[in-house]
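The number in my numbering is simply the position in the sequence shown, starting from 1, with 2 added.
Have a look at the structure below before the remarks.
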Amino acid sequence: MGLKEQLVADYKEAMKNKDTIRKNTVNMVRAAIKQFEVDQRVELEDDADIVKIIKKQVKMRTDALADFAKAGRDDMTETYKKEIEILQGYLPEEMSAEQIAEKVKEIAASLGIEEGMKNMGTLMKAVMAELKDTADGSAVNKAVKEFLSGKK
């Protein structure tokens, strides 16, 4: 079963169980996918494309959390945390910081890159090309900077 079908099944299940937050979250993702399909005039069948949309939704909610916390909106903060948790259930497991650091070392060795921030762009591009779907970009950036500065 593809991710699209999983979302439909989970939506129906949430409706049966009267799980409002899950129902609304899944419906929002389905709407975002449909909007992308309409805007781009494509039919998304590849799970990798759907994962990108879900990651974007997670990022939007994560960014909004800080604003809600600042404004003292604890009700919205809790709701968004639950939505993020639900959305992350559809995403593939991301690599740990140690795994990313190890991969950075491997790729740097294969490219012949030692230390020095002048190699940041080259190394970052190569690492992101390989890890784009399995690692967070900011975690990769941090690992590359640590490697190039000689900390690891």
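From the three backbone atoms N, C-alpha and C, an ideal C-beta is built for every residue, glycine too.
Own chain partners of residue i with C-beta closer than 8 Å, once the 5 adjacent residues on each side are dropped
{"i": "VAL53", "result": "LEU5, TYR92, LEU93, PRO94 and ASP135"}
{"i": "GLY118", "result": "LEU150"}
{"i": "TYR13", "result": "LYS25, VAL28, ASN29 and ARG32"}
Other residues of its chain near residue i: CB distance less than 6 Å, five sequence neighbours each side excluded
{"i": "ALA145", "result": "ILE102, ALA103 and VAL106"}
{"i": "ARG24", "result": "ALA16 and ILE88"}
Through-space distance from residue j to residue i, alpha-carbon basis
{"i": "GLU100", "j": "GLN42", "result": "37 Å"}
{"i": "ILE109", "j": "ASP69", "result": "37 Å"}
{"i": "GLN8", "j": "ASN29", "result": "12 Å"}
{"i": "LYS36", "j": "ILE56", "result": "12 Å"}
{"i": "THR64", "j": "GLY152", "result": "31 Å"}
{"i": "TYR74", "j": "ALA50", "result": "According to the sequence provided, residue 74 is Gly. The question's Tyr does not apply to it. The alpha-carbon atoms of GLY74 and ALA50 are separated by roughly 36 Å."}
{"i": "LYS127", "j": "LYS147", "result": "13 Å"}
{"i": "MET3", "j": "ALA11", "result": "10 Å"}
{"i": "LYS83", "j": "SER140", "result": "20 Å"}
{"i": "ASP76", "j": "ALA131", "result": "38 Å"}
{"i": "GLN72", "j": "LYS20", "result": "Strictly speaking, residue 72 in this sequence is Lys, with Gln absent from that position. Answer to the nearest angstrom: the Cα atoms are 31 Å apart."}
Expected contact under 8 Å - CB spacing of residue i and residue j to nearest Å
{"i": "LEU67", "j": "THR79", "result": "6 Å"}
{"i": "VAL142", "j": "LEU89", "result": "The Cβ separation is near 21 Å, so there is no contact."}
Residue i versus the options, residue with shortest Cα-Cα distance
{"i": "LYS61", "options": "LYS14, GLU85 and ASP76", "result": "GLU85"}
{"i": "ALA111", "options": "VAL40, VAL129, ALA11 and VAL142", "result": "VAL129"}
{"i": "ALA137", "options": "GLU148, MET97 and ASN26", "result": "MET97"}
Check whether residue i and residue j have beta carbons under 8 Å apart
{"i": "ALA33", "j": "GLN59", "result": "no"}
{"i": "THR124", "j": "LEU133", "result": "no"}
{"i": "GLU39", "j": "GLU45", "result": "yes"}
Close-in-space but distant-in-sequence residues of the same chain around residue i (CB under 7 Å, 5 per side omitted)
{"i": "ASN121", "result": "ILE115 and LEU150"}
Proximity test, residue i beta-carbon vs the ligand NAP heavy atom, cut-off 7 Å
{"i": "GLN37", "result": "Among the components of this structure there are no ligands whatsoever, and the ligand NAP is therefore not found."}
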